[in-house]
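Each remark here refers to the structure printed beneath this line.
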Amino acid sequence: ATPAATPAATPAATPAATPAATPAATPTATPTASTPVSRHDGRGKFNYAEALQMALYFYDAQRSGKLPEGFRVQWRGDSAMEDGSDVGVDLTGGFYDAGDHVKFAFPMASAMTLLSWGGIEYGEGYHRARQKGELLSLVRWGADWLMKAHPSADVFYAQVGSGTLDHDHWGPAEVMSMKRPAYRIDASKPGSDVAAEAAAALASAAILFKSDDPDYSQKLLSSARSLFDLAEAHHGRYSEVIRDAAEYYPSSGYLDELTWAAAWLYRATGDPVYLQKAEAYCERFQDDDDMHWTQTWDDKIYGANVLLAELTGKEVYKHAVEKWLNFWTVGDAGKRVKYTPGGLAWLDRWGSLRYAANTAFLAFIYADRVGDHGMRYRDFARSQINYILGSNPEHRSYVVGFGQDPPRNPHHAGAHGSLSDDVDEPGDNRYILYGALVGGPSAPRDDAYADRRSDYVTNEVSLDYNAGFTGALARMVQEYGGVPLEVFPPQE
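Counting along the sequence shown from 1, when you hit position 182 you're at 182 in our numbering, and nothing is skipped either side.
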């Protein structure tokens with residue numbers, strides 16, 4: 001497998017020191033309840049509850065370590081049970097990144113943050129689809145690993161497994177035999193970006209678990225605070241010290257992650273110091289970004305602006321969000337994202353559907369919570385999710401196992417099930433990777449897509465690809481309803 005994504009187009013500036021806290025306006029009430037959404041039951045184009053059910057299943061298929069009793073992915077078993085043994089720390093568990101078996105903390109934590117956010121904003125959608133328990137199980141699995149990876153105040157293990165060594169093997173995780181080194185950041189090898197993203201993931205998870213498991217929520221929050229302290233104390237980009245990561249998930253900067261993490265910690269704690277920090281970091285970042293990209297594993301300023309607009313109601317954040325969302329809809333400063341003839345908002349060839357889905361998710365939150373230009377942004381978001389599920393010129397779903405003519409051969413070693421270390425043998429994947437969102441069309445000139453396993457640009461899957469998509473599906477369930485499959489997954 002190869003990297004699951006491309007870095008953000010605009011590099012993020014790297015500061016020399018922590019900004020001084022500046023007085024912040026009195027924030028608006030921190031939202032806690034599920035976001036209210038007007039219901040139009042039965043009027044949706046697809047069974048969004050089924051799609052949500054499958055999207056969560058994909059994360060189950062990515063689990064690493066000792067699997068739970070009665071695990072529902074029938075073709076998966078315990079794997080990577082020695083992770084961390086080279087450094088004397090238990091680093092088993094967590095999630096494999098994409099079609100490979102490396103555990104990259106940067107995109108893993110980013111995906112966990114968006115999954116938690118979807119549960120926070122659209123919990124009613126999860127409830128209606130009977131998927132709340134699955135969501136909590138997955139977020140807990142990821143959060144537990146992130147806490148394991150932070151065994152002391154100044155250490156965080158940001159990667160397990162070498163991309164170079166891992167990509168020399170094509171087969172199930174259960175039969176891996178290569179070395180799986182653990183890579184860390186610390187005071188002498190800083191990684192503000194990955195530490196801050198992990199802090200954001202744990203802070204958002206703490207909010208998600210606050211009512212269901214308050215003791216666990218406090219544990220998450222304690223670790224989130226510690227990780228944020230680490231991110232602030234020792235500035236640097238993690239991919240400059242973990243060179244293996246630089247080939248796959250290079251960081252463009254860390255101001256956006258510091259903004260993002262501080263905003264989440266403010267939402268989780270109500271401590272105004274975190275809001276002051278978030279606003280100070282955000283002010284320094286905004287001057288260096290034209291808002292013509294979107295939320296990814298590397299670029300968090302878009303989500304941070306949505307969150308800050310929601311938490312404070314300030315025009316500066318609303319303006320930034322609308323500048324960005326207008327780029328994706330009606331255009332901004334003479335620039336507009338490209339559209340395929342079939343209506344896909346196409347940003348980049350590598351994982352084009354992921355960009356559209358992440359933007360749709362945040363557009364929903366902004367429109368539902370803040371309300372400005374709500375109809376425009378909701379219509380955009382609905383159109384992108386429906387495109388993914390089948391409303392496109394190809395008349396096909398881009399979600400494995402869902403809808404009409406879905407992908408059958410995503411670039412995924414485990415689902416392929418090769419016993420000969422050969423990406424082409426067998427010809428068809430042995431197993432169905434239900435719920436995985438593939439990369440999608442590779443060019444804006446048409447809506448063409450080929451279901452080729454060897455094409456990792458358009459047909460790989462990843463934690464990052466499904467994250468915003470899953471939250472957007474919960475939003476669609478909340479509006480249109482749907483019914484999950486009674487027997488899922490079917491026997492293979």
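Backbone N, C-alpha and C fix where the C-beta goes; we use that ideal spot for every residue, glycine too.
Going straight from the alpha carbon of residue i to that of residue j, what length do you get?
i	j	result
glycine 468	isoleucine 432	22 Å
glutamate 38	leucine 307	Per the sequence shown, residue 38 should be read as serine rather than glutamate. One C-alpha to the other measures close to 21 Å.
alanine 196	glycine 427	42 Å
proline 214	glutamine 53	26 Å
alanine 198	leucine 227	7 Å
glutamine 159	histidine 40	44 Å
glutamate 322	valine 483	34 Å
leucine 114	glycine 342	27 Å
tyrosine 317	lysine 179	46 Å
serine 391	isoleucine 385	9 Å
glutamate 492	threonine 269	45 Å
aspartate 298	aspartate 464	10 Å
threonine 470	aspartate 168	31 Å
glutamate 479	serine 211	24 Å
leucine 485	arginine 408	20 Å
alanine 203	tyrosine 377	27 Å
arginine 382	alanine 153	43 Å
alanine 280	glycine 70	48 Å
glutamine 286	alanine 304	11 Å
methionine 476	valine 87	44 Å
leucine 389	serine 116	22 Å
valine 400	proline 272	44 Å
tyrosine 157	glutamate 247	18 Å
threonine 26	proline 181	Its pLDDT being 39, under 50, threonine 26 is placed unreliably by the model, and the measurement read from it follows with that caveat. In a straight line, the C-alpha of threonine 26 is about 47 Å away from that of proline 181.
glycine 313	arginine 267	14 Å
tyrosine 216	tryptophan 141	12 Å
alanine 16	aspartate 90	Only weak support is given to the placement of alanine 16: the predicted model assigns it a pLDDT of 36, under 50, and the question is left unresolved by the model.
tyrosine 474	tyrosine 122	At residue 474 the sequence reads alanine, which differs from the tyrosine that was named. So the two alpha carbons sit approximately 6 Å from each other.
arginine 237	aspartate 244	13 Å
proline 7	threonine 458	The predicted model places proline 7 with a pLDDT of 37, which falls under 50 and marks its position as unreliable; any figure quoted below should be read in that light. Answer to the nearest angstrom: the Cα atoms are 16 Å apart.
serine 418	leucine 258	41 Å
histidine 292	phenylalanine 488	40 Å
phenylalanine 106	glutamate 315	30 Å
State buried or exposed for residue i, treating a residue as buried only when at least 16 other CB atoms are found within 10 Å of its CB.
i	result
arginine 445	exposed
proline 490	exposed
arginine 43	exposed
serine 223	buried
serine 527	This structure cannot settle anything about residue 527, because the visible part of the chain is limited to 1 through 492.
arginine 128	buried
alanine 333	exposed
methionine 112	buried
glutamine 295	buried
proline 3	In this prediction, proline 3 has a pLDDT of 40, which is less than 50 and means its spatial position is unreliable; nothing more can be read from the coordinates.
glutamine 404	exposed
glycine 118	buried
valine 175	exposed
glutamate 460	buried
proline 406	buried
proline 23	Caution applies to proline 23, whose pLDDT of 36 falls short of 50 and renders its modelled position unreliable; the model cannot decide the point.
aspartate 379	exposed
glutamate 310	buried
glycine 439	buried
tyrosine 339	exposed
valine 102	buried
threonine 28	The predicted model places threonine 28 with a pLDDT of 44, which falls under 50 and marks its position as unreliable; any figure quoted below should be read in that light. Exposed: under 16 other Cβ atoms inside 10 Å.
Which one of the options has the shortest CA to CA distance from residue i?
i	options	result
lysine 219	Glu279, Met176 and Met147	Met147
alanine 201	Ala263, Arg378 and Arg63	Ala263
alanine 61	Thr35, Ala51, Phe46 and Gly94	Gly94
phenylalanine 402	Thr35, Ala55, Ser34 and Pro36	Ala55
alanine 143	Phe209, His416, Arg72 and Phe327	Phe209
alanine 231	Ser217, Ala187, Tyr216 and Tyr183	Ala187
valine 73	Trp328, Gly440 and Gly435	Gly435
serine 85	Trp324, Tyr183 and Val330	Tyr183
lysine 132	Leu437, Ala49 and Ser110	Ala49
aspartate 548	Lys277, Ser239 and Ala245	In the structure as shown, the chain begins at 1 and stops at 492. Residue 548 is therefore absent and cannot be evaluated.
cysteine 282	Arg267, Pro250, Ala320 and His292	Ala320
isoleucine 365	Tyr302, Asp244 and Val241	Tyr302
phenylalanine 494	Leu437, Leu138, Ser397 and Val457	Within the shown structure, residues of the chain are numbered from 1 to 492, placing residue 494 beyond reach of any answer.
histidine 234	Ile185, Leu165, Val330 and Glu315	Ile185
phenylalanine 58	Leu437, Ala472, Asp290 and Tyr456	Leu437
At a Cβ threshold of 7 Å, is residue i touching chain C?
i	result
valine 306	No chain C is present in this structure, which holds just one protein chain.
Segments of 3+ residues assigned as beta strand (DSSP E) that fall wholly inside the region 273-303:
none
Would you call the region 433-453 and the region 343-363 touching, i.e. three or more CB-CB distances under 8 Å?
yes
Taking only runs that begin and end inside the region 102-171, name each unbroken alpha helix (DSSP H) of 4 or more residues, in chain order.
105-121, 123-128, 132-148 and 163-166
Within 8 Å, do at least three Cβ pairs link the region 178-193 to the region 118-136?
no
Given 8 Å as the limit, is there contact between the region 69-84 and the region 446-455, that is, 3 or more CB pairs closer than that?
no
Kindly confirm or deny that the region 355-374 and the region 418-427 touch, where touching means at least three C-beta pairs closer than 8 Å.
no
If you scan the region 70-105 from start to end, which runs of the alpha helix (DSSP H) of 4 or more residues do you find wholly inside it?
none
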